[in-house]
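Chains as they are written, first to last, in the numbering used here: chain A, 1 to 315; chain B, 316 to 590. The C-beta atom is built at its ideal place from N, Cα and C for all residues, glycine as well. Below is one structure; the comments refer to it alone.
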């Protein structure tokens with residue numbers, strides 16, 4: 001579809017006349033074929049300069065060491081350093097925990113909300129939709145600061161729990177290695193669930209309602225309908241959201257810096273924060289920082305391939 | 316049985332709505348309260364609003380931060396819309412095998428984590444700082460350039476262009492418009508909804524961007540809103556009422572943009588989900 005091609009056997013008039021650059025569409029109107037490249041050329045150049053070229057640079061940097069600008073090639077030493085670096089191990093572990101708990105939790109919640117909110121008989125439907133989508137309009141930094149205060153030692157959450165007798169003394173959420181991670185996971189889920197829900201809702205609008213009616217007549221209950229109709233229909237979107245969420249969570253930075261600043265100890269530090277610290281907080285070591293950053297690249301590629309495979313197999 | 320299910324659904328959704336909205340309500344109430352009241356979790360409006368605003372606008376440089384953020388977000392959004400829609404149109408309307416390959420390569424850039432290219436980008440902008448200060452380190456230009464062209468928006472426009480009636484392109488050509496003429500005079504006005512949706516996402520992304528400005532901007536007067544809030548939030552003797560006021564002011568533009576264009580947003584999203 002959509003390809004400008006002349007009918008087989010038809011001789012292209014401009015070619016006969018020597019105008020090799022012109023072509024005609026099916027209505028017979030001539031236009032310059034190469035002009036199509038002009039539309040995309042700026043973007044191609046910009047993405048090459050600001051994405052692909054730095055990618056190659058970072059790879060080369062990962063084999064170099066030195067302070068600030070004075071770098072020299074040191075072979076695989078940065079890569080060897082990774083495995084004996086306790087901060088890197090902590091950052092990798094934390095990021096994996098965020099990923100493994102938060103992404104499935106959020107996607108299941110978002111699916112659940114979208115199915116409930118797709119029901120035209122539901123009252124206050126648009127109120128619920130807007131309420132659940134609302135967190136998306138906040139900036140990562142702003143909501144992080146708010147969560148930091150909510151979960152502070154004299155924050156509202158502690159007072160609420162105390163007043164209603166759930167706890168007998170305040171919990172120092174952000175100073176506890178486990179609770180601090182829980183707060184981060186809650187925060188990201190709060191911010192992004194509504195965002196993912198919108199994709200599912202948009203996709204559900206395109207679903208023919210008669211499929212569900214037929215299923216109901218066949219005696220399928222709502223849970224069966226969910227797993228046998230909704231999930232398979234939404235599968236490409238679920239794949240899309242799980243990949244984008246995985247990439248997002250692997251790069252988590254703003255929340256960590258502004259809620260816990262990586263602490264207590266290195267209990268919440270993420271890979272991105274460690275890269276930032278290595279480059280701009282500690283004595284700058286761009287080479288080693290690039291090596292750590294390539295761990296994220298490798299994780300993104302591997303996890304995306306796995307997710308594509310899983311989605312493909314069930315077809 | 317049916318009623319039990321209904322009660323469960325409404326309770327669940329109401330709880331979710333409360334959890335979603337509560338931080339906003341608390342934030343809005345807190346801008347009218349004193350710092351002490353905010354920490355004690357006061358949930359009733361107070362009388363400290365004017366005081367908070369005074370402190371915010373006189374002792375904290377929120378105005379320059381707002382100006383910087385606005386300049387960056389507006390220029391980034393305009394560039395994004397123009398470049399991404401040109402490319403999305405070019406890839407879909409002037410489709411060819413070669414362009415499909417280029418498109419797929421561009422899509423790969425969506426998988427590049429920013430942390431991986433941050434250091435080379437920083438060094439790249441550092442190396443041109445002396446010759447081109449407007450786009451060197453510590454310049455607003457350096458914040459804008461790497462964020463103005465992204466494969467995501469090209470993909471977004473290409474998906475939406477699939478719904479654009481091709482006959483209009485041919486009609487434009489018959490009327491003697493150039494290829495760019497067709498784009499600017501026919502495509503752009505027809506695709507208003509798509510542009511609106513892309514504008515919302517681009518503006519929000521740019522307004523809320525934190526890591527790259529944190530890396531590239533150094534002098535305090537160049538600070539953007541997220542940098543300012545992060546700084547206030549981590550200070551040792553925070554005035555919570557004032558910080559909350561700064562957060563509310565920072566959230567207002569994106570919230571407004573979103574609510575004004577909400578319908579376009581969902582419509583635009585639907586276009587890109589259809590595939």
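Residue i, DSSP secondary structure in three states
i             : result
residue 337/B : helix
residue 80/A  : helix
residue 73/A  : strand
residue 591/B : Past the edges of chain B, shown from 316 to 590, lies residue 591/B, and the structure says nothing about it.
residue 21/A  : With a pLDDT of 48 at residue 21/A, under the threshold of 50, the modelled position of that residue is not reliable, and the figure given next carries that caveat. In this structure, residue 21/A counts as coil in the three-state DSSP scheme.
residue 119/A : coil
residue 292/A : helix
residue 306/A : helix
residue 124/A : coil
residue 352/B : helix
residue 114/A : helix
residue 477/B : coil
residue 275/A : helix
residue 96/A  : helix
residue 538/B : coil
residue 506/B : coil
residue 269/A : coil
residue 253/A : coil
residue 332/B : helix
residue 551/B : coil
residue 191/A : helix
residue 85/A  : coil
Inter-residue Cα distance where the pair is residue i and residue j
i             : j             : result
residue 48/A  : residue 418/B : 12 Å
residue 50/A  : residue 159/A : 48 Å
residue 202/A : residue 137/A : 18 Å
residue 175/A : residue 97/A  : 18 Å
residue 57/A  : residue 301/A : 18 Å
residue 563/B : residue 256/A : 21 Å
residue 235/A : residue 550/B : 45 Å
residue 446/B : residue 463/B : 22 Å
residue 303/A : residue 243/A : 8 Å
residue 493/B : residue 105/A : 51 Å
Span of the alpha helix (DSSP H) around residue i
i             : result
residue 481/B : 481–489
residue 528/B : 526–531
residue 465/B : Taken as a continuous stretch (DSSP letters only), residue 465/B belongs to no alpha helix (DSSP H), as it is neither H nor E.
residue 160/A : 156–163
residue 563/B : 555–575
residue 391/B : 377–408
residue 494/B : 494–497
residue 500/B : Here residue 500/B belongs to no alpha helix (DSSP H), and DSSP marks it neither H nor E.
residue 223/A : 222–225
residue 138/A : Run containing residue 138/A: none; DSSP gives neither H nor E here.
residue 428/B : Note, residue 428/B: premise wrong, no alpha helix (DSSP H); not H, not E.
9 Å Cβ cutoff, residue i in contact with chain A
i             : result
residue 327/B : yes
residue 469/B : yes
residue 478/B : no
residue 549/B : yes
residue 540/B : yes
residue 510/B : no
residue 504/B : no
residue 500/B : no
residue 426/B : yes
residue 338/B : yes
Short CB-CB distance (under 9 Å) between residue i and chain B
i             : result
residue 282/A : no
residue 279/A : yes
residue 131/A : yes
residue 212/A : no
residue 266/A : no
residue 271/A : yes
residue 100/A : no
residue 138/A : yes
residue 67/A  : no
residue 58/A  : yes
residue 155/A : yes
residue 257/A : yes
residue 293/A : yes
residue 304/A : yes
residue 44/A  : yes
Counterpart residues of residue i in DSSP-defined beta bridges
i            : result
residue 64/A : 73/A
Proximity test, residue i beta-carbon vs the ligand FAD heavy atom, cut-off 8 Å
i             : result
residue 273/A : As far as ligands go, the structure on display features none, and thus does not contain the ligand FAD.
Below-9 Å beta-carbon distance, residue i vs any chain C residue
i             : result
residue 300/A : Absent here is chain C; the protein component of the structure consists of chains A and B.
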